[in-house]
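See below for the structure under consideration.
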Amino acid sequence: MSEQLIDIIFSCEERKKILLFLKSGPQETEFILESLETGRQALLPHLSVLEDSFLVTRFGDMWELTTIGQLMVSKMISLLSTADVLDSGIDYWGTHNLDFIPYRLIGRINELGNCKVIDTPLSDAYELNREIVQTSFMSGSLFAATRLFDPKYLASLSGLAQKNVAIYLILSRAMLDKAGTFYSKNLEGLVKNRSVHFYVYPKELAFQDFMYNEYYLLLHLLKSNGEYDSKGILCSNPLAAEWGRDLFGYYLKDSAPVSQIRPLLESLV
Numbered sequence: 000m001s002e003q004l005i006d007i008i009f010s011c012e013e014r015k016k017i018l019l020f021l022k023s024g025p026q027e028t029e030f031i032l033e034s035l036e037t038g039r040q041a042l043l044p045h046l047s048v049l050e051d052s053f054l055v056t057r058f059g060d061m062w063e064l065t066t067i068g069q070l071m072v073s074k075m076i077s078l079l080s081t082a083d084v085l086d087s088g089i090d091y092w093g094t095h096n097l098d099f100i101p102y103r104l105i106g107r108i109n110e111l112g113n114c115k116v117i118d119t120p121l122s123d124a125y126e127l128n129r130e131i132v133q134t135s136f137m138s139g140s141l142f143a144a145t146r147l148f149d150p151k152y153l154a155s156l157s158g159l160a161q162k163n164v165a166i167y168l169i170l171s172r173a174m175l176d177k178a179g180t181f182y183s184k185n186l187e188g189l190v191k192n193r194s195v196h197f198y199v200y201p202k203e204l205a206f207q208d209f210m211y212n213e214y215y216l217l218l219h220l221l222k223s224n225g226e227y228d229s230k231g232i233l234c235s236n237p238l239a240a241e242w243g244r245d246l247f248g249y250y251l252k253d254s255a256p257v258s259q260i261r262p263l264l265e266s267l268v
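Each residue of the sequence shown is one higher than the one before, counting from 0 in numbering that gives the first Met the number 0.
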């Protein structure tokens with residue numbers, strides 16, 4: 000039966016539209032006709048098929064989803080929204096490592112919503128994304144996890160912190176040691192700024208970086224072969240920020256707290 004239902008729903012665009020339209024509640028036949036901009040002779044056969052499949056039911060001139068129909072539509076919406084997210088950059092998603100994302104968040108990837116692939120020029124490779132910077136001033140905070148550390152990256156973070164943007168930054172221990180060894184001057188300002196909160200993740204981070212604020216989520220993923228890439232995925236959707244918060248929290252729970260890290264950082268610089 001599951002294969003038949005899938006075929007009934009997805010082999011016909013009109014039936015799919017009817018089911019999605021009825022998600023909002025019972026509707027009269029005439030209103031369905033007007034809303035879907037179709038004719039009675041075209042609509043009724045599809046309604047009949049859906050009724051015979053126990054997906055919709057009819058009371059007089061009113062049509063509504065059955066319990067089975069409601070279940071199928073909820074799954075449809077999740078599947079279609081997931082496809083929309085992946086379609087926004089399938090070549091990127093398909094050629095980059097996603098293993099660092101916990102299973103429960105992979106299952107919620109449809110929440111990322113409106114996303115686009117961005118390609119950062121080589122000259123700006125280690126600077127923070129402009130959209131992220133501009134909106135971090137408005138949101139008042141920026142959360143990031145990174146395996147990249149560079150003077151430009153540090154300078155961008157310092158610029159935000161100096162303007163009272165609270166920064167929460169997760170680093171791998173290897174990257175922290177590298178930062179203290181090679182970029183001590185750039186790191187010093189961040190360490191002394193109490194708006195910046197450092198955390199150290201004990202294992203290797205299997206991504207380039209990700210960051211989010213109230214307005215955007217930005218993911219820079221490693222290629223499937225482990226190589227770096229100048230491209231990233233930028234998502235602008237309220238739920239994307241929540242998704243980013245949960246991803247940050249996933250890594251934060253295994254990271255050392257700020258009270259243990261700041262003395263270490265101060266000793267490095």
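Glycine included, C-beta positions come from ideal geometry on N, C-alpha and C.
Here DSSP, grouped into helix, strand and coil, assigns Ala144 to strand. In this structure the segment 160 to 174 does not touch the segment 226 to 237; the number of beta carbon pairs closer than 8 Å is below three.
Within the same chain, and ignoring the five residues on either side of Tyr250 in sequence, the residues whose Cβ sits closer than 6 Å to its Cβ are Ala144, Ile169, Tyr200. Excluding residues up to 5 positions away in sequence, Asn109 lie with their Cβ nearer than 6 Å to the Cβ of Ser80 in the same chain. Residue state for Asp51 is assigned as helix, using DSSP reduced to three classes. In the structure shown, Arg14 falls within a helical segment according to DSSP collapsed to helix, strand and coil. A contact between stretches requires three or more CB pairs, one per stretch, nearer than 8 Å, and the segment 149 to 163 fails this requirement with the segment 215 to 225. Going by beta carbons, Ser155 and Glu130 fall outside the 8 Å limit.
A distance of 8 Å or more separates the beta carbons of Cys114 and Ile8.
In terms of Cβ geometry, Val164 and Leu147 do not form a close pair [threshold 8 Å]. Residue environment analysis places Ala82 among the exposed positions, since fewer than 16 neighbouring C-beta atoms fall within 10 angstroms of its C-beta.
Note that the segment 11 to 24 touches the segment 67 to 79; at least 3 beta-carbon pairs, one per stretch, sit closer than 8 Å. The beta-carbon distance between Phe206 and Phe58, rounded to whole angstroms, is 52 Å. This is too long to meet the 8 Å contact definition. In the DSSP annotation of this structure, the continuous segment of the alpha helix (DSSP H) that includes Ile76 starts and ends at 66 to 86. For Ser34, there is no enclosing beta strand (DSSP E); the enclosing alpha helix (DSSP H) has its first and last residue at 28 to 35.
Each residue's CA atom was taken as its position, placing Tyr152 and Val132 some 12 Å apart. One Cα belongs to Pro25, the other to Leu64, and the distance between them is close to 7 Å. Between Tyr198 and Ala240, the C-beta gap is not smaller than 8 Å, which leaves the two residues out of contact. The beta-bridge partner set that DSSP reports for Ser171 consists of Tyr200. A Cβ-Cβ separation of about 19 Å leaves Lys202 out of contact with His95 under the 8 Å criterion. A Cβ-Cβ distance of about 12 Å is found for the pair Leu43 and Val55, leaving them out of contact under the 8 Å criterion.
The C-beta distance from Phe20 to Leu4 rounds to 18 Å, too long to fall under 8 Å, and the pair is not in contact.
Taking the Cα positions, Leu220 is about 7 Å away from Asp208.
Between Leu97 and Ile105, the CB-CB gap stays under 8 Å. As computed with DSSP, Phe209 is found in a beta bridge with Ala144, Leu218. Per DSSP, reduced to three states, the secondary structure at Phe58 is strand. Taking C-alpha positions only, Gln69 is separated from Asp60 by approximately 19 Å.
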